[in-house]
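Q:
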Amino acid sequence: MLVGAPGAWAQEAAEATDAAASGDASNQFQFYLIWAVAFGGAVVALVQAWQFYKTMMAADEGTPTMIEIAGYVREGANAYLKQQYKIVTLFFVVIFGLLAVAAFVLEVQSEWVPFAFITGGFFSGLAGWFGMKTATWASSRTTAGAQKSLNAGLQVAFRSGAVMGLTVVGLGLLDITLWFLVLNWIVPALGYDRLSLEEITVTMLCFGMGASSQALFARVGGGIFTKAADVGADLVGKVEQGIPEDDARNPATIADNVGDNVGDVAGMGADLYESYCGSILATAALGVSAFSSGAIIRDLYSAMEDAPDVTEDVIATFQLNALFLPMSIAAVGIFLSIAGIYMVRTEEDASQKTLLKALGRGINVSSVMVIAAAWGLTYWLMPDFLGVAWSIVVGLGAGWLIGKWTEYSTSDEYAPTQKLADQAVTGPATVIIGGVAEGMMSVWFPVVIVCVATILAFGFACDWRFNDLQYFALGLYGVGIAAVGMLSTLGITLATDAYGPIADNAGGNAQMAGLEPIVRERTDALDSLGNTTAATGKGFAIGSAALTALALLAAYVEEVRIGFDRWSEAVVTADMEPGVYKLSNQFVVDVESEEVHRPYLILPNDLRTIEGWEDEEYAGFREAPVKLPDSMFQEATVDGADTLVIASNNRALIPVKNATLPDFTRYYDASLMNPKVLVGVFIGAMATFLFCAMTMKAVGRAAKGMVEEVRRQFREKPGIMEGTDKPDYAAPVAISTKAAQREMIVPSLLALTTPVATGLVLGVGGVMGLLVGALTSGFCVAVFMANAGGAWDNAKKYIEAGAHGGKGTEAHKAAVVGDTVGDPFKDTSGPSLNILIKLMSMVAVVVAGLTVRYSLMALGIF
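According to the working numbering, numbering within the sequence shown proceeds without interruption in unit steps and concludes at 865.
1. For F388, which three-state DSSP category applies?
2. Hey, could you find the ends of the beta strand (DSSP E) F94 is sitting in?
3. Pick out the complete alpha helix (DSSP H) segments inside the region 304-365, 4 residues or longer, and give them in chain order.
4. Tell me, to the nearest whole angstrom, how far the beta carbon of P834 is from that of R222; I am working on the premise that it is less than 8 Å.
5. Would you grab the beta carbon distance between V1 and F338 for me? Rounded to a whole angstrom, and I think it's under 8 Å.
6. Pick out whichever of I840, L303, M635 has its Cα sitting closest to the Cα of I318.
7. Closer than 8 Å is the cut-off here; do at least three beta carbon pairs connect the region 37-54 with the region 155-173?
8. Should K585 go down as buried or exposed, given a rule of 16 or more other Cβ atoms within 10 Å for buried?
9. Are M135 and V268 close, meaning C-beta to C-beta below 8 Å?
10. How is D578 classed by DSSP in three states: helix, strand or coil?
11. By DSSP, does S858 sit in helix, in strand, or in coil?
12. DSSP three-state label for A704, please.
13. With I189 as the anchor, note down where its beta strand (DSSP E) starts and where it stops.
14. Would you kindly work out how many angstroms separate the C-alpha atoms of I864 and V855, rounded to a whole number?
15. Three or more C-beta pairs under 8 Å: does that hold for the region 810-820 against the region 654-672?
16. Roughly how many angstroms lie between the CA atoms of A706 and A861, to the nearest whole one?
17. Compare the Cα-Cα distances from P504 to each of Y480, I203, T536 and report the closest residue.
18. On a CA-only basis, which of V786, E524, D263 is nearest G156? Give me that one, please.
19. By Cβ distance below 8 Å, which residues in the same chain neighbour V487 in space, the five residues on each side in sequence not counted?
20. Does the beta-carbon distance from A464 to Y480 come in below 8 Å?
21. Classify G809 as buried or exposed, calling it buried when 16 or more other Cβ atoms lie within 10 Å of its own Cβ.
22. Based on the DSSP secondary-structure assignment, which residues constitute the bridge partners of T499?
23. Report the rounded CA-to-CA distance for T170 versus L362, giving the unit in angstroms.
24. Using a 10 Å radius around the Cβ and a threshold of 16 neighbouring Cβ atoms, would you call T146 buried or exposed?
25. Can the beta-carbon of Q217 be found closer than 8 Å to that of Q744?
26. Can you list, in chain order, the residues of its chain with a C-beta nearer than 6 Å to that of F448? Leave out the 5 residues immediately preceding and following it.
27. With 16 other CB atoms within 10 Å as the buried threshold, where does T3 fall?
28. Residues in the same chain with beta-carbon distance under 6 Å from F126, minus the five sequence neighbours each way, listed in chain order, please.
29. For the pair the region 779-791 and the region 241-256, tell me if three or more CB-CB distances fall below 8 Å.
30. In whole angstroms, what is the alpha-carbon distance linking I452 and G406?
31. Pick helix, strand or coil for P602, following the three-state DSSP scheme.
32. Of the choices N253, P750, Q716, whose alpha-carbon is the least far from that of G511?
33. What three-state label does DSSP hand K720 in the structure shown?
34. Can you list, in chain order, the residues of its chain whose CB lies under 7 Å from that of L326, leaving out five sequence neighbours each side?
35. Can you look up A24 in the DSSP assignment and give me helix, strand or coil?
36. Here's the rule I'm using: 16 or more other beta-carbon atoms within 10 Å means buried, otherwise exposed. How should V234 be labelled?
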């Protein structure tokens with residue numbers, strides 16, 4: 004720590020980390036090597052992304068008209084992103100100041116957290132900016148490629164999407180490895196106190212709040228922008244004026260294409276950047292926690308002959324191995340994703356199924372190779388816990404299954420979407436009813452998959468010891484590593500998702516430029532594939548968000564643990580005589596000196612049995628330390644750990660260092676019978692629906708202004724329809740930009756303030772309930788909205804391809820209405836829920852120290 008003295012257990016752990024990382028030459032080389040592999044993976048990803056970008060820029064840009072149209076889209080996207088980043092920068096400055104107060108004044112969190120918050124947001128925004136820049140340059144080049152062949156168009160679009168995928172994983176892993184370098188090696192080299200691995204991992208985890216905040220602004224703002232433009236373009240252009248999609252006569256068509264980039268490229272990139280980093284860091288924190296007490300290692304060694312002593316050095320070595328495993332899997336996943344990207348190609352006149360197989364080939368090969376690599380890495384780093392490798396396989400399998408189910412639920416190649424198109428024959432009402440029903444029906448499979456994956460990943464990692472409290476954290480580590488496994492091939496899976504809006508823009512470019520029908524047919528094929536891959540990507544993002552949020556919920560307890568130690572650091576002073584001090588009614592600190600002090604938990608049921616605890620001199624909750632009589636407690640060794648026992652009944656206190664998640668659950672009575680927890684669950688569920696309502700209403704308000712502007716232009720410039728007047732494309736872009744910036748603030752504040760307020764009022768138990776409620780309701784609603792919106796979209800495209808009479812029919816008009824309703828479902832509210840549940844978890848983690856020390860429970864009020 005830069006400020007304050009570390010607690011005894013933190014100081015001992017830091018010294019052990021130093022010994023493990025530098026005492027043995029082979030250990031030292033191994034840890035440097037793993038770090039170098041992870042850092043190298045990040046660098047390779049960024050170099051390859053730059054190579055793909057240069058290749059794309061060298062491709063034919065098309066005709067002057069195509070270049071002009073792409074220029075309008077690029078200009079609008081840049082203007083939007085520039086305005087958004089101004090507001091986001093102001094937000095980050097304010098939050099940085101608040102976090103600095105929490106760190107340096109209140110001393111409830113690490114002094115590094117404000118800086119980690121800034122870097123998380125910066126790299127997330129940078130990834131989105133690079134992806135959007137590439138996408139806007141790639142659209143006309145994809146169209147030009149489609150003039151030559153379907154495969155040429157696919158190659159340009161897909162490898163441009165790969166720039167987004169590789170930039171996200173490259174910057175994410177770069178941020179993680181650089182922070183570990185700073186905190187673990189540079190800080191002690193500069194003469195500051197060495198941080199323990201527990202402190203390092205939870206501090207690094209906090210930069211996820213910056214990434215989550217940036218992701219929410221990108222998703223919500225981008226979603227409002229794109230859907231306001233889309234609704235305006237569809238309702239006035241298609242329904243009222245009867246002109247086709249992406250017609251150059253539609254004033255909102257450029258804004259619509261801009262929205263595809265700022266919402267589906269920059270927004271999705273920031274979303275998955277946060278999931279990627281959050282899963283790695285939460286898993287690292289859980290791995291360090293699993294071995295912190297040494298109980299698992301002692302159990303492992305008990306079956307060995309001539310087993311070594313379980314020293315702090317041995318514990319730190321196990322912790323470092325568990326910490327580095329998710330980083331190394333992510334690094335190997337980058338190399339294998341690049342290999343998979345080069346495998347994607349197709350032949351001319353390919354059907355959508357053939358195109359999907361082309362993309363699936365790269366993903367499937369990468370995934371199989373990651374499985375093999377995961378076994379090798381687990382055998383190298385954690386040979387005594389090979390079940391962890393099965394957890395990784397479970398994560399990959401869950402991601403693949405959720406993606407396939409989303410494809411089935413939304414692609415017009417399958418029955419759900421085809422039946423939805425059939426319902427368009429009887430009008431808009433039946434289309435909307437059918438879409439809502441299909442969306443709800445589609446929820447069951449991802450929920451079952453995530454449930455099964457959670458149980459399997461937990462069981463494999465903890466060797467199926469579900470009732471062994473010492474192995475509980477190792478089971479949670481398995482859940483986290485499953486999320487890492489699911490996201491290990493993000494370099495290629497995100498490429499397939501970012502490919503979608505690039506292909507969509509290419510189709511719009513071909514339509515507005517008036518290219519020959521064969522080009523439009525090819526871009527339509529790529530666009531239709533893009534809709535399915537985008538829907539699949541959203542399903543993948545939702546599934547990964549669920550597993551990541553589960554890992555973050557467990558990691559929250561680790562920050563609570565550190566919060567107790569920081570509390571004791573802040574109040575222990577040099578003039579305090581040795582002894583046991585009470586800081587709240589259930590929390591004591593054994594003080595040897597200002598530098599050496601150990602916090603202990605007293606479970607509520609044990610308080611009644613402590614003789615003298617309620618004497619007037621000591622009774623009640625007190626912020627200031629109160630020295631207790633020496634006769635209350637005795638020193639003892641329990642399960643190999645030094646602790647205190649209650650003199651009156653010989654019950655052992657729980658050292659904060661060794662407390663398990665179930666211990667904290669009992670300490671805070673985090674059961675559904677506790678009204679604080681139950682209220683937290685209800686608030687979390689409510690937040691999901693309130694957030695959706697806010698974002699849906701925002702789209703409605705923004706779309707109203709867009710519709711009025713498009714109608715005004717058609718009314719005041721009748722020559723637009725004849726082609727004698729040119730639409731004003733800039734005005735709709737400006738309207739959507741202004742509306743998006745205004746409307747994204749309140750939903751974002753909901754996500755940021757709810758965990759803080761809940762923590763201060765309801766305490767840690769209430770926050771755990773909040774996160775559970777938000778995760779369960781948010782996951783289900785996100786799947787429902789994403790799949791319903793995707794089905795509506797592809798039902799419309801199925802009719803446009805010739806079903807039920809094709810374009811211009813009553814069935815088509817009904818499908819357009821359904822698609823318009825589905826737009827905010829699949830592109831605004833649904834995908835934003837991923838970030839809501841992760842951001843609330845991240846905020847809870849960051850303010851855990853504040854909750855521990857200043858909640859109404861800690862202050863003795865409630």
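Backbone N, C-alpha and C fix where the C-beta goes; we use that ideal spot for every residue, glycine too.
A: Result, derived from the coordinates:
1. coil
2. Run containing F94: none in the beta strand (DSSP E); it sits in the alpha helix (DSSP H), 67-103.
3. 315-344
4. 6 Å
5. The structure shown does not extend to residue 1, since the chain is modelled only from 4 to 865, so the question has no answer here.
6. L303
7. yes
8. buried
9. yes
10. coil
11. coil
12. Checking the sequence shown, residue 704 turns out to be Arg, not Ala. In the structure shown, R704 sits in a helix (DSSP, three-state: H, G or I).
13. Run containing I189: none; DSSP gives neither H nor E here.
14. 14 Å
15. no
16. 47 Å
17. T536
18. E524
19. S282, I283, T286, P329, I332, A333, I395, G398
20. yes
21. exposed
22. Per DSSP, none; premise fails for T499.
23. 19 Å
24. buried
25. no
26. W408
27. The structure shown does not extend to residue 3, since the chain is modelled only from 4 to 865, so the question has no answer here.
28. L174, D178
29. no
30. 11 Å
31. strand
32. N253
33. coil
34. L200, T204, A287, G290, V291
35. The pLDDT assigned to A24 is 47, lower than 50, so where the model puts this residue is not dependable, and the model offers no usable value.
36. buried
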